[in-house]
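Notes to accompany the following structure.
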Amino acid sequence: MAIDAFVKPFLRLPLFQGLKPLQLTEIVRRADRVVYRPGDMLIEEDKAGDSAIVIMSGEAARMTGTDDGSPAE
Numbered sequence: 054m055a056i057d058a059f060v061k062p063f064l065r066l067p068l069f070q071g072l073k074p075l076q077l078t079e080i081v082r083r084a085d086r087v088v089y090r091p092g093d094m095l096i097e098e099d100k101a102g103d104s105a106i107v108i109m110s111g112e113a114a115r116m117t118g119t120d121d122g123s124p125a126e
């Protein structure tokens, strides 16, 4: 897939507005593209992060570490 196909969706995100297309192209070029499946954990509570995650499609839910029956956020 051409790099433009990845850059165009990022141009619509408020986080990246104000960047020049060349800057955004470089960010996209260096990014890892990951496909998560339902139930996969993206990040773990109280753990240091080492990256930023931008969800381009689909949904994510915040779940607590305990199975206390509280709904996902």
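Count along the sequence shown from 1, then add 53; that gives the number in this note's numbering.
Each residue gets a CB set at the ideal place from its N, CA and C atoms; glycine is no exception.
- Query: Just how far apart, CA to CA, sit Q76 and K61?
  - Reply: What you label residue 76 is simply residue 23 of the sequence shown in a count that begins at 1. What you label residue 61 is simply residue 8 of the sequence shown in a count that begins at 1. In a straight line, the C-alpha of Q76 is about 13 Å away from that of K61.
- Inter-residue Cα distance where the pair is K100 and S110: Here the question's residue 100 lines up with position 47 in the sequence shown. Here the question's residue 110 lines up with position 57 in the sequence shown. Rounded to whole angstroms, the separation of the alpha carbons of S110 and K100 is 25 Å.
- Query: Any idea what DSSP makes of R82, helix, strand or coil?
  - Reply: Mapped onto the sequence shown, residue 82 falls at position 29. Here R82 sits in helix by DSSP.
- Go ahead and label V87 buried or exposed: buried means 16 or more other beta carbons lie within 10 angstroms of its beta carbon, across all protein chains shown. Taking the first residue of the sequence shown as position 1, residue 87 is located at position 34. Its Cβ having fewer than 16 others within 10 Å, V87 is exposed.
- Message: Measuring straight from C-alpha to C-alpha, what distance separates R83 and F69?
- Response: As a working note, residue 83 is residue 30 in the sequence shown. As a working note, residue 69 is residue 16 in the sequence shown. Our two residues, R83 and F69, have alpha carbons roughly 15 Å apart in a direct line.
- How long is the line joining the alpha carbons of D93 and A113, rounded to whole angstroms? The sequence position of residue 93 within the sequence shown is 40, counting from 1. The sequence position of residue 113 within the sequence shown is 60, counting from 1. If I take the Cα positions, the gap works out to 10 Å.
- Message: So, for F63: in the same chain, excluding its five sequence neighbours on each side, which residues have a beta-carbon less than 8 Å away from its beta-carbon?
- Response: If you number the sequence shown from 1, residue 63 lands on position 10. Closer than 8 Å at the Cβ level, and outside the excluded window around F63, lie F69, L77, I80, V81, V107.
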